[in-house]
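Visitor: Okay, handing you the structure first.
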Amino acid sequence: MAFKLFSGKKAAREQPSDTVIMDNDDDSYSSSSDRFSGGGGGDTGTTGRVRTLGILFVALGIITGGLMFYQNQRVGDVAQQVSVAADLRAISQQIAKSAQLALQGQRQAFENLQRDRDHFNRLLTVLSQGGDDPEDGITDLARASGAAQNHINQVDEAWRMMVTDITRILERQKALTTIVTNVPSNRDGALLEVAELMLALKTPSNLQGVQSTLINVVANLEPLLTVKDASNRLAANSTVVYNRADDLGKEFLTAASNTGVVTLLTIVFAGAALLVLIVLARVYSGEVTARRATVERQRQNSEDERNRTQQAILRLMNEMGDLADGDLTIRTTVSEDITGAIADSVNYTIEELAMLVSRINDAAGRVTLATQSAQQTSAELLDATERQSRQIEDAGTTVQNMAQLMSESSEHALHTAQVARRSLESARKGADAVESTIRGMNAIREKIQETSKRIKRLGESSQEIGEIVELISDITEQTNVLALNAAIQAASAGEAGRGFTVVAEEVQRLAERSAEATKQIAAIVKTIQTDTQDAVGSMENATRDVVEGARLSDAAGQALVEMGQVSMDAARLIEQISTETQTQAATASRVAESMKGILAITEQTTHGTKQTAESVGQLADLAIELKGSVSGFKV
């Protein structure tokens with residue numbers, strides 16, 4: 019099995035002109051690097067000027083935008099303030115008219131008077147303090163300041179006098195309404211009332227009624243006179259309020275005319291920002307021209323360095339061509355070029371890998387020899403176990419027949435002597451069979467112990483293989499570290515190390531393949547160790563079973579000896595034949611059960627021996643596979 023370091027090796031040798039390690043994209047890299055490096059003291063100064071001009075331009079733009087926003091906000095506030103001042107003038111005149119109508123007792127005039135008073139108060143408050151008045155459509159009105167606030171105070175002073183008179187009129191609404199209802203409002207009605215009153219005075223009987231009427235009229239004249247005076251004062255004060263509200267509106271317009279300074283400042287800052295932008299463009303254009311020349315020089319230097327690096331990388335790739343086919347006898351040339359450190363690392367890796375492959379081949383050969391010996395021993399042990407099983411089966415059959423005969427002898431007491439002779443003969447055969455069984459079990463025990471020792475040695479060999487696999491893993495990790503270092507060096511070289519990155523990737527692929535082979539070997543070794551441990555455990559169990567079988571066989575032999583003695587005594591003690599025969603029948607039954615147990619143990623031993631033989635065969639296959647996994651390397 020051959021390992022490929024990189025693809026396209028022959029094409030690289032036959033057509034070197036088509037192999038491109040680095041392309042011309044490093045121009046953009048060099049340009050970007052120069053652009054961010056500053057390009058020297060002159061470029062640093064130019065960059066500082068560009069930054070300063072840019073900051074100045076942004077600051078002027080922010081100031082200009084702020085002035086424009088302030089001017090727009092100010093114009094909107096002045097428009098609302100002038101509108102409110104006009105509303106105050108109109109309301110002051112409406113209040114004077116409503117007071118005259120209230121003097122005539124009109125209910126609607128009282129309602130209008132109260133509504134206009136509240137409306138005037140609301141407008142004067144929002145004009146003085148600023149804020150919103152949704153009923154009049156006023157939003158975000160700024161608070162008046164300076165001279166405008168003084169005019170508002172003057173309006174408020176005159177308005178307070180009007181509020182006092184308005185309150186007096188509203189408090190006497192009921193009295194005025196009564197007077198208008200009881201006293202005619204036209205002159206003819208008043209004359210008629212006076213004539214009737216004089217006629218009534220001529221009649222003594224009507225004098226008392228006329229007197230009461232006069233008292234009522236005189237009583238209602240006092241509220242009427244109070245309202246009349248208040249109405250006259252309202253008319254005079256409304257003119258004052260009107261004039262002061264007019265002055266307030268003029269003050270707002272005067273303040274609005276002062277925004278011309280803000281407009282002038284806006285134009286000045288906008289012009290300054292435009293001038294800074296022009297200067298910034300000229301400075302940046304000069305900087306770009308200077309940097310283009312610097313970039314061109316650096317690009318030429320980078321091109322020369324790239325060509326030298328490309329030649330060194332191509333030389334290293336050609337020297338490493340045979341390594342792709344698994345040839346570990348080659349060595350790369352170590353030079354002073356950029357690839358010198360990599361060539362040295364590659365040579366070290368090849369030497370370590372060659373030593374590792376040699377050790378793996380040697381270990382695989384030793385494992386193969388050990389497994390062959392274990393297979394031969396297992397085959398012999400299996401054959402002996404099968405023979406032992408057949409002998410035990412024959413002995414069991416004999417013991418069963420003997421028990422049957424003993425049972426029949428208790429029923430046929432007359433033939434006891436003949437049966438006793440047969441029993442003696444059968445006992446001798448059983449003793450011989452038991453003795454043979456014991457000898458066979460001892461031989462099996464020795465074979466099992468020898469096989470167990472060999473399998474343990476096989477486990478120790480697999481442990482050595484595991485240590486070798488760990489060494490392979492360490493070398494693979496070192497190779498990965500070397501590949502990573504090579505990739506880092508290629509990345510630090512930028513575009514100049516792009517071809518060098520290809521070599522690092524191929525080295526890393528070789529390391530990954532070695533790591534994969536190491537994992538496979540480790541898995542095989544682990545399987546070998548597991549099977550070896552299982553085989554050792556099976557051998558130990560088989561040894562214990564054989565020892566137990568020998569003990570039982572010895573007990574069976576003793577029982578058969580006792581049966582022989584009983585058979586000999588049976589000829590002399592015929593009168594006790596029935597009792598003795600029953601005892602022998604019971605003993606024979608126990609012997610038969612013991613033989614069954616021995617047979618079961620022997621079958622287990624046979625099964626364990628077969629499993630051991632299979633495990634050894636698998637171990638041999640794994641050793642062959644291990645040797646084949648490294649056969650592709652040439653050392």
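Residue numbers 19 to 653, in the working numbering, belong to the letters of the sequence shown in order. Glycine residues also receive a C-beta, built at the ideal position from the N, C-alpha and C atoms.
Which class does isoleucine 156 belong to by DSSP, given the choice of helix, strand or coil?
Guide: Stepping through the sequence shown from its first residue, residue 156 is reached at position 138. Strand.
Visitor: I need the boundaries of the alpha helix (DSSP H) containing leucine 142, first residue and last residue.
Guide: The residue you call residue 142 lines up with position 124 of the sequence shown. That run of the alpha helix (DSSP H) goes 125 to 147.
Visitor: Quick one, are the C-beta atoms of arginine 531 and alanine 388 less than 8 angstroms apart?
Guide: For the purposes of this step, residue 531 is taken as residue 513 along the sequence shown, with counting starting at 1. For the purposes of this step, residue 388 is taken as residue 370 along the sequence shown, with counting starting at 1. Not in contact: arginine 531 and alanine 388 (Cβ atoms no closer than 8 angstroms).
Visitor: Give a yes or no on whether the C-beta atoms belonging to asparagine 498 and glutamine 526 are separated by under 8 angstroms.
Guide: Here residue 498 refers to the residue found at position 480 when the sequence shown is read from its first residue. Here residue 526 refers to the residue found at position 508 when the sequence shown is read from its first residue. Yes, they are a contact pair.
Visitor: Apart from the five residues just before and just after glutamine 111, which ones in its own chain have a Cβ nearer than 8 angstroms to its Cβ?
Guide: Position 93 of the sequence shown, counted from the start, is the residue given in the question as residue 111. Excluding sequence neighbours, glutamine 111 sits near Ser256, Tyr260.
Visitor: What's the C-alpha gap between glycine 72 and glutamine 316?
Guide: Here residue 72 is taken as the residue at index 54 of the sequence shown, counted from 1. Here residue 316 is taken as the residue at index 298 of the sequence shown, counted from 1. Going from the Cα of glycine 72 to the Cα of glutamine 316 covers about 29 angstroms.
Visitor: For glycine 458, which residues from the same chain have a beta carbon less than 8 angstroms from its beta carbon, with the 5 sequence-adjacent residues on both sides left out?
Guide: As a working note, residue 458 is residue 440 in the sequence shown. The answer, listed in chain order, is Ala402, Arg405, Gln406, Gln409.
Visitor: In or out: valine 3 buried (at least 16 other Cβ within 10 Å) or exposed?
Guide: The question about residue 3 has no answer here: the residues shown for the chain are numbered 19 through 653.
Visitor: Can you give me the C-alpha to C-alpha distance between leucine 293 and arginine 69, rounded to a whole angstrom?
Guide: Counted from its first residue, the sequence shown places residue 293 at position 275. Counted from its first residue, the sequence shown places residue 69 at position 51. Each residue's alpha carbon lies about 15 angstroms from the other.
Visitor: Going by DSSP, which residues form a beta bridge with aspartate 362?
Guide: Working through the sequence shown from its first residue, we reach residue 362 at position 344. The partner list for aspartate 362 (beta bridge, DSSP) is empty, contrary to what the question assumes.
Visitor: Is isoleucine 109 buried or exposed, if buried means 16 or more other CB atoms sit within 10 Å of its CB?
Guide: Counting from one through the sequence shown, the residue named residue 109 turns up at place 91. Under this definition isoleucine 109 is a buried residue.
Visitor: Throw me the rounded Cβ distance for the isoleucine 368 and arginine 349 pair, which I believe falls under 8 angstroms.
Guide: One-based indexing of the sequence shown puts residue 368 at position 350. One-based indexing of the sequence shown puts residue 349 at position 331. Sure, about 7 angstroms apart at Cβ, within 8 angstroms.
Visitor: Sorted by chain position, which residues of the same chain lie with C-beta nearer than 7 angstroms to serine 116's C-beta, five sequence neighbours on each side aside?
Guide: By 1-based counting over the sequence shown, the position of residue 116 is 98. Contacts found: Ala127, Asn130, Leu131, Asp134.
Visitor: Could you tell me which of Ala505, Ala397, Thr143, Leu617 sits nearest to glutamate 632, measuring between CA atoms?
Guide: On the sequence shown, residue 632 is found 614 positions in, with the first residue counted as 1. Among Ala505, Ala397, Thr143, Leu617, the Cα nearest to that of glutamate 632 belongs to Ala397.
Visitor: Using the DSSP secondary-structure output, state which residues sit across from aspartate 151 in a beta bridge.
Guide: Here residue 151 refers to the residue found at position 133 of the sequence shown. According to DSSP, which records beta bridges pairwise, aspartate 151 is partnered with Ile156.
Visitor: Considering only C-alpha positions, which residue in the set Leu371, Thr65, Glu485 is nearest to alanine 308?
Guide: Locating residue 308 in the sequence shown gives position 290, where the first residue counts as 1. Alanine 308 has its Cα closest to that of Thr65, out of Leu371, Thr65, Glu485.
Visitor: For arginine 125, count the other beta carbons within 10 Å of its own beta carbon; 16 or more makes it buried, fewer makes it exposed. Which is it?
Guide: What you label residue 125 is simply residue 107 of the sequence shown in a count that begins at 1. With fewer than 16 Cβ atoms within 10 Å of its Cβ, arginine 125 is classed as exposed.
Visitor: Between the alpha carbons of aspartate 362 and asparagine 559, how many angstroms are there, rounded?
Guide: Residue numbering aside, residue 362 sits at position 344 when the sequence shown is read from its first letter. Residue numbering aside, residue 559 sits at position 541 when the sequence shown is read from its first letter. Rounded to whole angstroms, aspartate 362 to asparagine 559 spans 56 angstroms at the Cα level.
Visitor: For glutamine 191, is the classification buried or exposed, using 16 other Cβ atoms within 10 angstroms of its Cβ as the cut-off for buried?
Guide: Reading the sequence shown from its first residue, position 173 is the one you call residue 191. Label assigned to glutamine 191: buried.
Visitor: Alpha carbon to alpha carbon, how far is glycine 344 from leucine 528?
Guide: Start at 1 with the first residue of the sequence shown, and residue 344 comes out as number 326. Start at 1 with the first residue of the sequence shown, and residue 528 comes out as number 510. So the alpha carbons of these two residues sit roughly 10 angstroms apart.
Visitor: Once the 5 residues before and after leucine 142 are set aside, which same chain residues still bring their CB inside 8 angstroms of it?
Guide: Within the sequence shown, residue 142 is the residue found at index 124, counting from 1. For leucine 142, where only same-chain residues beyond five positions count, the Cβ hits under 8 angstroms are Leu106, Ile170, Val173, Asp174, Trp177.
Visitor: Hey, how far is the Cα of glutamate 269 from the Cα of phenylalanine 138?
Guide: Taking the first residue of the sequence shown as 1, we reach residue 269 at position 251. Taking the first residue of the sequence shown as 1, we reach residue 138 at position 120. Cα to Cα, the separation comes out at about 19 angstroms.
Visitor: Leaving aside the five residues before and after arginine 262 along the sequence, list all residues of the same chain whose C-beta is less than 8 angstroms from its C-beta, in chain order.
Guide: Counted from its first residue, the sequence shown places residue 262 at position 244. For arginine 262, where only same-chain residues beyond five positions count, the Cβ hits under 8 angstroms are His169, Gln172, Val173, Ala176.
Visitor: Taking the alpha-carbon of leucine 346 as reference, which of Met335, Arg333, Glu354, Asn365 has the nearest alpha-carbon?
Guide: In the sequence shown, the residue the question calls residue 346 occupies position 328. That would be Asn365, whose Cα lies nearest to the Cα of leucine 346.
Visitor: Report buried or exposed for arginine 463, applying the criterion of at least 16 other Cβ atoms within 10 angstroms of its Cβ.
Guide: Against the sequence shown, residue 463 aligns to sequence position 445. Arginine 463 should be labelled buried.
Visitor: Evaluate lysine 465 with the Cβ neighbour count: other Cβ atoms within 10 Å of its Cβ, from every protein chain shown; 16 or more gives buried, anything less gives exposed.
Guide: Taking the sequence shown and counting its residues from 1, one reaches residue 465 at position 447. By the 10 Å Cβ count, lysine 465 comes out buried.
Visitor: Between glycine 646 and asparagine 325, what straight-line distance do the alpha-carbon atoms span, to the nearest angstrom?
Guide: What you label residue 646 is simply residue 628 of the sequence shown in a count that begins at 1. What you label residue 325 is simply residue 307 of the sequence shown in a count that begins at 1. If you take the alpha carbons of glycine 646 and asparagine 325, they lie about 43 angstroms apart.
Visitor: Taking all protein chains shown into account, do 16 or more other C-beta atoms lie within 10 angstroms of the C-beta of aspartate 549, making it buried, or fewer, making it exposed?
Guide: Along the sequence shown, read from residue 1 onward, the residue named residue 549 stands at position 531. Buried, by the Cβ-count rule.
Visitor: Applying the 10 Å Cβ sphere with the 16-neighbour rule, what's the burial state of serine 353?
Guide: Here residue 353 refers to the residue found at position 335 of the sequence shown. Exposed, since its Cβ has fewer than 16 Cβ neighbours within 10 Å.
Visitor: Taking the alpha carbon of serine 391 as the point to measure from, which residue in Val634, Val144, Leu489 has its own alpha carbon closest?
Guide: Looking up residue 391 in the sequence shown gives position 373. Minimum Cα distance to serine 391 is reached at Val634.
Visitor: Out of curiosity, what's the CA-to-CA distance linking valine 520 and leucine 341?
Guide: Start at 1 with the first residue of the sequence shown, and residue 520 comes out as number 502. Start at 1 with the first residue of the sequence shown, and residue 341 comes out as number 323. Each residue's Cα considered, the two are about 15 angstroms apart.
Visitor: Going by C-alpha to C-alpha distance, which of Val76, Ser146, Gly555 sits closest to valine 102?
Guide: Counting from one through the sequence shown, the residue named residue 102 turns up at place 84. Valine 102 has its Cα closest to that of Ser146, out of Val76, Ser146, Gly555.
Visitor: Glycine 289: buried (16+ other C-beta within 10 angstroms of its C-beta) or exposed?
Guide: On the sequence shown, position 271 is the one that residue 289 refers to. Exposed.
Visitor: Check whether the Cβ atoms of leucine 637 and isoleucine 378 sit closer than 8 angstroms, and answer yes or no.
Guide: As a first step, residue 637 must be located in the sequence shown, where it is residue number 619. As a first step, residue 378 must be located in the sequence shown, where it is residue number 360. No, these two residues do not count as a Cβ contact at 8 angstroms.
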